[in-house]
Structure formats: C-alpha cells, structure tokens
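One structure below.
This is how it looks when you write it as structure tokens:
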C-alpha cells in the first residue's frame, strides 16, 4: 500500500523506503533491508502527499518528523531526475 495515496499496488511497482540508523528516511535500492519498511508509488504526487502527512507511520512503526519527510522528498526528486537523464 502506498504511504502517500493509500492505494494498493504490486510491490515491484512501488518505491520501498526505510528509516536509516541516523533516523532519516531513504529509498531501499535493491539491497536487503532489515527492519520495517514502507512503500510509495513512483509518482511525485504520492511523495508530496506523504511529506505533508502528520502523525505516526504505521508500516514504519514510528512517527516521522516533517524534516525527515522533506529530506526523503528531495532525495526521491533527485533520483527521479537522474533516471530521466539516462
């Protein structure tokens, strides 16, 4: 289920995110990930909706502050721009 829009989709079509040891959110890019993760559609509208949300993120098992959400949004935008350039 997408953390931005709440719609269900097959996991391979979603971007997997996790909380790093530093407490920041980051996309999981193929490497194995231990711990709780969440998913977002690969669409800027879903990223922005997730960044605007308040409160705990159930799939991650914790509250994520607004700064961490904004940092993830910036990271996803950079990755998306890099993918388009190729």
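Residue numbers (this note's numbering): 39 to 124.
Glycine included, every Cβ here is placed at the ideal spot set by N, Cα and C.
Everything numeric in this text was worked out from a predicted model, so none of it was measured.
Option nearest residue i by Cα separation, candidates the options
i	options	result
residue 80	70, 66, 74, 73	66
residue 47	59, 84, 69, 58	84
residue 118	82, 49, 60	82
residue 42	91, 68, 102, 69	91
Cα-Cα separation, residue i to residue j
i	j	result
residue 39	residue 120	25 Å
residue 124	residue 73	Note that residue 124 scores a pLDDT of 48, beneath 50, so its modelled location is shaky and nothing firm can be said.
residue 143	residue 71	Any question about residue 143 goes unanswered here, given that the chain covers just 39 to 124.
residue 62	residue 94	14 Å
residue 115	residue 86	10 Å
Backbone secondary structure at residue i - three-state DSSP
i	result
residue 94	strand
residue 43	coil
residue 76	strand
residue 82	helix
Close-in-space but distant-in-sequence residues of the same chain around residue i (CB under 8 Å, 5 per side omitted)
i	result
residue 89	104, 107, 108, 110, 111
residue 75	54, 55, 56, 66, 97, 98
residue 51	79, 80
Other residues of its chain near residue i: CB distance less than 7 Å, five sequence neighbours each side excluded
i	result
residue 44	none
residue 58	64
Residue-chain proximity (residue i, chain D), Cβ-Cβ < 8 Å
i	result
residue 42	Chain labels in this structure do not include chain D; a single protein chain is all it has.
Close-in-space but distant-in-sequence residues of the same chain around residue i (CB under 6 Å, 5 per side omitted)
i	result
residue 113	none
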